[in-house]
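Step one of this worksheet: look at the structure below.
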Ligand code: DOR
Ligand code: ZN
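In my numbering, the protein residues as written are 1017 to 1353.
As structure tokens, this is what we get:
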């Protein structure tokens, strides 16, 4: 079996910066483009920082034809700043983090009232809003507790394109069908694992991420929506590399590094469920239709042949070391080079 994908997109990707970016960026180069997250230290809050970061991303991608869709870390910007952002090549949207909710999000929003004016302007100007939707409540309930905030945003700004990033619950999938202006990304790991895979046996630090993986019925609802080709659900890996020393440690950093395995694992997952014909929508067409994205024209072919080499147990260069999901495993599908 074989599938050729047209311009796959990763709609939520952490590329980091510096040496780590040099190591991980080329591992996403089978994608035609990606939405690049702004939670650097310090976060990307200005157009000047965004332009400079985009330049470094393109350089780290070497000569790969890759379209970085850059995001600004949400701060309450005014009309002039938003207009400047809109006229900047590569600007995609604003990523809103509740303050302190995840890696490097201390400068996020503590009270949505601070954001109202900017959100209204974004609605008028057609700037997408991407949201890390978790409350500060009990860890398993954080996403469901945030769903009311999504409802309020969707009702108050009916023309604002709001993406619920990395959804992890059946309730979030249902919410998608309540409001036309909501869309969502889902990661590779949340289509595959539950909390049991993270903490049901010996603790698996490389599967620890935020939002944490939930119950089997949540995973099943996410997977079903993806396999059905839900038109407002998009692949966003949330591939989030951390140095091995920060993962295999007391106080493990949150993030699953999936970039190097994402496409073959997605192909085998969709094939196993007889839904290969829906993969193109999930990894590209839905995002293009929702946002009118024009990414580099690329095709990539995947085949149900295990690659001869197992997934490296770690990637190491520029003084950095990162461990991917499926480290040491042989995947049933591979990319045809
Ligand atoms: O697990 C996560 N890692 N979730 C996030 O929201 C951020 C990300 C990171 O940047 O490491
Ligand atoms: Zn993320």
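Yeah, the Cβ is synthetic: ideal placement off N, Cα and C, and Gly gets one too.
With a minimum length of 3 residues, the unbroken runs of beta strand (DSSP E) contained wholly in the segment 1095-1136 fall at 1107-1112.
Comparing alpha-carbon positions, the option among 1104, 1061, 1045, 1107 lying closest to residue 1077 turns out to be 1045.
Taking a C-beta distance under 9 Å as the contact criterion, residue 1263 and residue 1206 do not qualify as a contact pair. When the alpha-carbon of residue 1211 is set against those of 1184, 1200, 1201, the nearest one is in 1184. Looking at the backbone, the Cα of residue 1325 and that of residue 1339 are separated by about 16 Å. Annotated three-state conformation of residue 1069 is helix, per DSSP. In this structure residue 1063 is not in contact with residue 1119, their Cβ atoms being roughly 23 Å apart against a cut-off of 8 Å. In its chain, beyond the 5 residues on either side, 1035, 1036, 1039, 1259 have a beta carbon closer than 7 Å to the beta carbon of residue 1336. Taking 8 Å as the cut-off, the C-beta of residue 1170 does not count as close to any heavy atom of the ligand DOR.
Within the DSSP bridge table, the entry for residue 1251 names 1202 as partners. Ranked by how close their Cα comes to the Cα of residue 1254, the residues 1122, 1148, 1344 have 1148 in first place. In chain order, 1221, 1224 place their CB closer than 7 Å to the CB of residue 1268, counting only its own chain and leaving out the 5 sequence neighbours on each side.
The alpha-carbon of residue 1082 is positioned some 35 Å away from that of residue 1130. Secondary structure remark: continuous alpha helix (DSSP H) runs of at least 4 residues inside the segment 1209-1289, in chain order: 1211-1215, 1232-1243, 1260-1263, 1278-1288. Between residue 1024 and residue 1080, the C-beta spacing is not below 9 Å. Setting aside the 5 residues that flank it on each side, residue 1143 is surrounded in the same chain by 1098, 1102, 1109, 1110, each with a C-beta closer than 7 Å to its C-beta; the list follows chain order. Burial is judged here by how many other beta carbons sit within 10 angstroms of a residue's own beta carbon; residue 1232 has fewer than 16 and is exposed.
The C-beta of residue 1277 has 16 or more other C-beta atoms within 10 Å across all chains shown, which makes the residue buried.
Bounds of the beta strand (DSSP E) holding residue 1318 are 1315-1319. Within the DSSP secondary-structure output, residue 1180 pairs in a beta bridge with 1147, 1200.
Relative to the ligand ZN, the nearest heavy atom lies less than 8 Å away from the CB of residue 1256.
Per DSSP, the continuous alpha helix (DSSP H) segment holding residue 1166 begins and ends at 1158-1172. DSSP places residue 1191 in the uninterrupted alpha helix (DSSP H) bounded by 1186-1192. If you draw a straight line from the Cα of residue 1285 to the Cα of residue 1091, it is about 38 Å long. Distance from the CA of residue 1175 to the CA of residue 1272, rounded to the nearest whole angstrom, comes to 33 Å. Membership of residue 1026 in the beta strand (DSSP E) is indicated by the continuous run 1025-1029. For residue 1341, there is no enclosing beta strand (DSSP E), as DSSP marks it with neither H nor E.
At a cut-off of 8 Å, the beta-carbon of residue 1053 counts as near the ligand DOR: some heavy atom of the ligand is closer than that.
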